[in-house]
Amino acid sequence: MPINETVTTVNLTVTFSPLSLFKWQLYASQQAQGEWTKLLNGGGNDEDEGSDQDVLKQALIETNPVLLGVTVVVSLLHTVLEFLAFKNDIQFWKTRKSLEGLSVRSVSWRFYRNPF
Numbered sequence: 001m002p003i004n005e006t007v008t009t010v011n012l013t014v015t016f017s018p019l020s021l022f023k024w025q026l027y028a029s030q031q032a033q034g035e036w037t038k039l040l041n042g043g044g045n046d047e048d049e050g051s052d053q054d055v056l057k058q059a060l061i062e063t064n065p066v067l068l069g070v071t072v073v074v075s076l077l078h079t080v081l082e083f084l085a086f087k088n089d090i091q092f093w094k095t096r097k098s099l100e101g102l103s104v105r106s107v108s109w110r111f112y113r114n115p116f
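In terms of the working numbering, the sequence shown has 100 at position 100, counting the first letter as 1, and numbering is strictly consecutive.
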């Protein structure tokens with residue numbers, strides 16, 4: 001109902017509910033990040049402000065915490081294994097004196113598949 005001179009009373013409902021520490025920290029960090037971004041960008045664009053942050057916030061709040069935990073553990077494990085594989089690749093090529101025993105096809109395929 002629009003408010004104008006003819007409306008004398010308005011029903012107002014206020015809901016109070018506790019907020020978990022995780023949600024509060026998420027809101028506080030997102031607000032601080034938005035302020036820092038505005039400061040660094042010299043004001044920023046008000047119409048597109050925070051849309052990516054809102055999507056991230058919504059995904060973190062609405063996703064099952066067990067699924068988030070498993071995702072973090074798997075991501076960290078993948079990062080560690082990727083680092084170890086890279087370390088072994090460097091060690092392998094550092095100790096090679098010649099390309100004896102390696103086919104050109106396998107070397108080119110590895111170079112093409114993992115450029116960095």
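The C-beta atom is built at its ideal place from N, Cα and C for all residues, glycine as well.
Distance CB(residue i)-CB(residue j) smaller than 8 Å
{"i": "Q53", "j": "G34", "result": "yes"}
{"i": "L60", "j": "L26", "result": "yes"}
{"i": "V10", "j": "I3", "result": "yes"}
Cut-off 6 Å between Cβ atoms - residues of its own chain near residue i, not counting five sequence neighbours on either side
{"i": "T79", "result": "none"}
Nonlocal neighbours in the same chain, by C-beta distance under 7 Å from residue i, ignoring five residues either side
{"i": "Q119", "result": "In the structure displayed, the chain extends from 1 to 116; residue 119 sits before or after that span and is not available."}
Residues of its chain near residue i, where Cβ-Cβ distance is below 8 Å and the 5 sequence neighbours each way are ignored
{"i": "W109", "result": "none"}
{"i": "K23", "result": "I61"}
Completely contained alpha helix (DSSP H) runs for the region 40 to 93, where each covers 4 or more residues = If you keep only unbroken alpha helix (DSSP H) runs of at least 4 residues inside the region 40 to 93, you get 51 to 62.
Unbroken stretches of the alpha helix (DSSP H), 4 residues or longer, contained in the region 12 to 44 = 21 to 41, all fully within the region 12 to 44.
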